[in-house]
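**Q** One structure follows; several queries about it will come next.
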Amino acid sequence: MIEIVPGAKNVEEVLEHDPVFKLVGMRLAHPAVLGVVLFLIVVAIVLLGPASESRFIYTDF
Amino acid sequence: MPGAGLKLLGALGAAALVFFALLAALDLAIGAWFPGFERLSENFSAPYLERAVRDLAKAPARSEIVVIGDSVLWGYKLPATENVTTQLARGGLAVRNLSFEGGSPANTYALLRLLLANGVRPRAVLFNVNQKEFNPSDSAYQKIHPSLDALAGNLLSRDERAQLLPTVDRTSIEARLDGWISAHWRFYALRSDIREALFNQVDAAHALDDAVQIVSGAKARFEAEHRPTPDRFEGTYDLSPLDDKNVSVIFLRKSVALLARERIPAVAMLTPTNHVLLHDFIDTPQYGKNLEFVRTLLERGGVRVVDLDRTFGSGQFIDNDHLTAAGNRHLAEILEPELAR
């Protein structure tokens with residue numbers, strides 16, 4: 668949500684004060700970092716996902 | 002504005018490049034360092050089994066004893082370090098455990114076909130024959146484990162396939178997508194094995210739940226309240242006379258013929274059975290006749306039979322047929338001289 672900045676004259680001034688814009692504008696938001704973050708998210712989803720691929724019903728009891 | 006668009010595309014391209022480079026690096030690392038388990042994982046994948054078979058094929062011919070069987074030989078409810086094959090390996094025998102939960106004569110046959118098709122030449126094969134798996138209502142009676150089926154399914158003849166029931170639908174969009182991703186991404190294909198290596202459970206949720214239940218004491222209470230009682234096993238054993246219409250008999254006969262044709266020495270263990278627990282259901286003349294039928298079938302085909310049906314005391318069982326850690330040690334002591342011959 669973009670905040671209404673009192674006294675701001677145009678969109679650029681509003682964005683300069685917006686926390687999301689600041690985050691995206693940081694040096695950390697380099698494309699390589701985005702690639703690493705995406706990689707970590709995908710790996711975490713695969714690792715922490717439920718064992719839905721448990722495909723064999725074993726009924727010992 | 003076109004400049005900004007190009008810049009954005011360039012940034013996305015760079016991110017994608019890093020993303021795929023990391024995935025490729027992870028796959029290389031998994032290929033190089035992912036450990037082999039002492040036995041197949043609880044929920045083993047087809048690529049993991051394929052790797053285990055490939056490793057066996059690389060071993061010098063006639064150097065290893067391959068163990069094929071069900072949860073009894075797999076070591077149900079026990080850590081891998083306490084099951085019978087690990088005990089045999091500690092005693093100096095070169096054994097490789099390819100048993101898994103949900104084994105049956107049909108699974109034994111399919112796994113033998115897979116091993117032989119990949120050039121595995123074992124020194125001997127040890128397999129177990131469990132009377133409960135001749136029961137048409139047993140979960141593995143007519144079903145091949147899906148990961149084994151994925152590798153060995155096309156090795157079976159049309160007649161053999163006709164005896165079996167499908168376990169998974171491989172034609173759905175979800176299954177095809179899963180197959181495609183698995184074919185191109187090793188980490189994804191091995192996810193069930195990796196999860197077990199990391200969490201010692203089928204997934205993180207089960208591992209967390211397990212830890213909470215142990216800490217709270219709920220697990221101990223549950224196990225105390227759910228000790229195996231005879232009524233749980235009513236219907237587990239079918240005492241109809243065995244004949245060649247029984248699917249497990251058909252595949253047992255095929256396994257015996259295959260081993261003889263390939264000149265592979267084989268030892269069949271008639272699975273230890275808890276007669277104290279199951280007395281009301283199985284201590285009848287027909288049970289003995291069925292056991293004799295199986296023994297004759299095996300011996301006529303040249304398979305050495307170790308009859309352990311009544312060898313173990315009730316205290317060495319977890320339930321109807323699965324052995325405790327002490328039971329597994331005792332089993333290893335019995336099997337060791339048979340396999341060392």
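Chains as they are written, first to last, in the numbering used here: chain S, 668 to 728; chain C, 2 to 342. Virtual Cβ for every residue (Gly too), placed ideally from N, Cα, C.
Check the Cβ of V213 (chain C) against every Cβ in chain S and list those closer than 8 Å, keeping chain order.
**A** Taking the first residue of the second sequence as position 1, residue 213 (chain C) is located at position 212. Near V213 (chain C) there are no residues of chain S at all, since even the closest Cβ is about 16 Å away, more than 8 Å.
**Q** According to DSSP, is R97 (chain C) helix, strand or coil?
**A** For this step, residue 97 (chain C) is matched to residue 96 along the second sequence. Of the three classes helix, strand and coil, the one that applies to R97 (chain C) here is strand, per DSSP.
**Q** Per DSSP, which residues does A118 (chain C) bridge with? Please list them.
**A** Taking the first residue of the second sequence as position 1, residue 118 (chain C) is located at position 117. The partner list for A118 (chain C) (beta bridge, DSSP) is empty, contrary to what the question assumes.
**Q** Please state if the CB of K133 (chain C) and the CB of T237 (chain C) are separated by a distance shorter than 9 Å.
**A** Reading the second sequence from its first residue, position 236 is the one you call residue 237 (chain C). Reading the second sequence from its first residue, position 132 is the one you call residue 133 (chain C). A contact, by the Cβ cut-off of 9 Å.
**Q** CA-CA distance, L336 (chain C) and V130 (chain C)?
**A** Position 335 of the second sequence, counted from the first residue, corresponds to residue 336 (chain C). Position 129 of the second sequence, counted from the first residue, corresponds to residue 130 (chain C). Using only the alpha carbons, I get a separation of about 15 Å.
**Q** On the three-state DSSP scale, how would you describe V704 (chain S)?
**A** The sequence position of residue 704 (chain S) within the first sequence is 37, counting from 1. Here V704 (chain S) sits in helix by DSSP.
**Q** Run through the DSSP bridge pairs and tell me what D345 (chain C) is partnered with.
**A** Outside the modelled stretch of chain C, which goes from 2 to 342, sits residue 345 (chain C), for which no answer is possible.
**Q** Return the Cβ separation of F731 (chain S) and L199 (chain C) in integer angstroms, given the expectation that the two are a contact with Cβ distance under 8 Å.
**A** Not covered by the structure: residue 731 (chain S). The range shown for chain S is 668 to 728.
**Q** Which chain S residues are close to F188 (chain C), counting only those with a beta carbon under 8 Å from its beta carbon?
**A** Stepping through the second sequence from its first residue, residue 188 (chain C) is reached at position 187. Within chain S, the residues near F188 (chain C) are V710, V713.
**Q** Which residues of chain S have a Cβ atom closer than 9 Å to the Cβ of I195 (chain C), listed in chain order?
**A** Position 194 of the second sequence, counted from the start, is the residue given in the question as residue 195 (chain C). Result: V713, L714.
**Q** Chain S partners of D204 (chain C), CB-CB under 8 Å?
**A** Counted from its first residue, the second sequence places residue 204 (chain C) at position 203. The contacting residues are L715, G716, P717, A718.
**Q** Taking buried to mean at least 16 other C-beta atoms within 10 Å of its own C-beta, is A327 (chain C) buried or exposed?
**A** By 1-based counting over the second sequence, the position of residue 327 (chain C) is 326. Exposed.
**Q** What are the start and end residues of each continuous beta strand (DSSP E) run of 3 or more residues lying completely inside the stretch 36-119 of chain C, in chain order?
**A** DSSP runs (the beta strand (DSSP E)) wholly in the stretch 36-119 of chain C: 66-69, 96-98.
**Q** Spell out a yes or no on whether the stretch 90-108 of chain C and the stretch 40-53 of chain C are touching, meaning 3 or more CB-CB pairs, one atom from each, closer than 8 Å.
**A** The stretch 90-108 of chain C is in contact with the stretch 40-53 of chain C.
**Q** Would you call G6 (chain C) buried or exposed, if buried means 16 or more other Cβ atoms sit within 10 Å of its Cβ?
**A** Position 5 of the second sequence, counted from the first residue, corresponds to residue 6 (chain C). It counts as exposed.
**Q** Taking the alpha-carbon of R330 (chain C) as reference, which of C:Y49, C:D56, C:T87, C:F223 has the nearest alpha-carbon?
**A** Position 329 of the second sequence, counted from the first residue, corresponds to residue 330 (chain C). Closest by alpha carbon: C:T87.
**Q** Secondary structure at R330 (chain C), three-state DSSP: helix, strand or coil?
**A** Mapped onto the second sequence, residue 330 (chain C) falls at position 329. Helix at R330 (chain C).
**Q** Within the chosen definition, does the stretch 244-254 of chain C reach the stretch 289-299 of chain C through at least 3 CB pairs nearer than 8 Å?
**A** Taking 8 Å as the limit for Cβ pairs, the verdict is that the stretch 289-299 of chain C does touch the stretch 244-254 of chain C.
**Q** Rounded to the nearest angstrom, what separates E263 (chain C) and A62 (chain C) at their Cα positions?
**A** Taking the first residue of the second sequence as position 1, residue 263 (chain C) is located at position 262. Taking the first residue of the second sequence as position 1, residue 62 (chain C) is located at position 61. For E263 (chain C) and A62 (chain C), the distance between alpha carbons rounds to 13 Å.
**Q** For N677 (chain S), which residues in the same chain have their Cβ closer than 8 Å to its Cβ, ignoring the five residues on either side in sequence?
**A** Against the first sequence, residue 677 (chain S) aligns to sequence position 10. Counting only Cβ-Cβ distances below 8 Å, and skipping sequence neighbours, we find nothing.
**Q** From the DSSP output, which residues share a beta bridge with L127 (chain C)?
**A** In the second sequence, counting from the first residue as 1, residue 127 (chain C) sits at position 126. DSSP output for L127 (chain C) lists C:V68, C:V268 as bridge partner(s).
**Q** Note down the Cα distance separating A153 (chain C) from V268 (chain C), rounded to an integer number of angstroms.
**A** Numbered from its first residue, the second sequence carries residue 153 (chain C) at position 152. Numbered from its first residue, the second sequence carries residue 268 (chain C) at position 267. A153 (chain C) and V268 (chain C): Cα-Cα distance of roughly 23 Å.
**Q** In chain C, which residues lie less than 9 Å from P698 (chain S) when you measure between Cβ atoms?
**A** Mapped onto the first sequence, residue 698 (chain S) falls at position 31. The contacting residues are G11, A12, L13, G14, A15, A16, A17, L18, V19.
**Q** Would you list the one or two residues that DSSP bridges to F318 (chain C)?
**A** One-based indexing of the second sequence puts residue 318 (chain C) at position 317. Answer is C:L324, bridged to F318 (chain C).
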